[in-house]
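Colleague: Would you mind keeping the following structure in view while I ask a few things?
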Amino acid sequence: MTTEIFSKPLRRTFFVADLKCYMCGSVVGSVESEQPLTAAPHTSRPVLVRQAGSATPTATLNWRHMRCDRCGGPLFLDESDVITRRYEDYNWLDERPRRGPPPKRLIEERRRERELLESQQAA
Ligand SMILES: [Zn+2]
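Residue 122, in numbering that gives the first Met the number 0, is where the sequence shown stops; the numbers in between run on with no holes.
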């Protein structure tokens, strides 16, 4: 059961677009959703909004209620695109050992190698 989950490549389609201001044309951020962004407002689901200068996206129920940071103008979707992301071999157990500093054993091995090399050069 668990190996099935990890070996199966997962494909997810995202609809992405820039959020642009009607009035001044500045890009306020970008939206991304697994549902088409052009869906009728009453059927819209929360989309992820990445605002310019902010690293973390926020779930927004209706981006149409958002306003431009600079002039308060209404926003529209520009440069809409469809992207497919593959979540392949994504395994937390594999990632864990790569994080943090190398184990002490490795540091010790490298130190001994360097000392050996230096003693050979000195000879
Ligand atoms: Zn504006």
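Think of the CB as a built atom: it goes at the ideal place given N, C-alpha and C, for glycine as much as any other residue.
Here the structure is a predicted model, which is why all the values come from computation and not from measurement.
1. So, using beta-carbon positions, are E31 and A16 closer together than 9 Å?
2. Return yes when at least one heavy atom of ligand 1 lies under 8 Å from the C-beta of R63, else no.
3. Flag S25 as yes when its Cβ comes closer than 8 Å to any non-hydrogen atom of ligand 1, and as no otherwise.
4. Under 7 Å Cβ to Cβ from E78, same chain only, skipping five residues before and after it: list those, please.
5. Measure how close the beta-carbons of D85 and P8 come, nearest whole angstrom, since I'm counting them as under 8 Å.
6. Measuring only the C-alpha atoms, how far is D80 from E107?
7. Across which residues does DSSP place G28 in a beta bridge pair?
Modeller: From the atom records:
1. Sequence index remark: in the sequence shown, residue 31 carries index 32 (1-based). Sequence index remark: in the sequence shown, residue 16 carries index 17 (1-based). Yes, Cβ-Cβ distance for E31 and A16 is below 9 Å.
2. For this step, residue 63 is matched to residue 64 along the sequence shown. Result no, Cβ not under 8 Å from ligand 1.
3. The residue labelled residue 25 in the question sits at position 26 within the sequence shown. Checking every heavy atom of ligand 1 against the Cβ of S25, one is found closer than 8 Å.
4. Indexing the sequence shown from 1 puts residue 78 at position 79. These residues qualify, in order along the chain: A16, D17.
5. As a first step, residue 85 must be located in the sequence shown, where it is residue number 86. As a first step, residue 8 must be located in the sequence shown, where it is residue number 9. Inspection of the sequence shows that residue 85 is occupied by Arg rather than by Asp. Rounded, the Cβ-Cβ distance is 6 Å, consistent with contact.
6. Within the sequence shown, the letter at position 81 stands for residue 80. Within the sequence shown, the letter at position 108 stands for residue 107. Cα to Cα, the separation comes out at about 51 Å.
7. Within the sequence shown, the letter at position 29 stands for residue 28. According to DSSP, which records beta bridges pairwise, G28 is partnered with L18, Q50.
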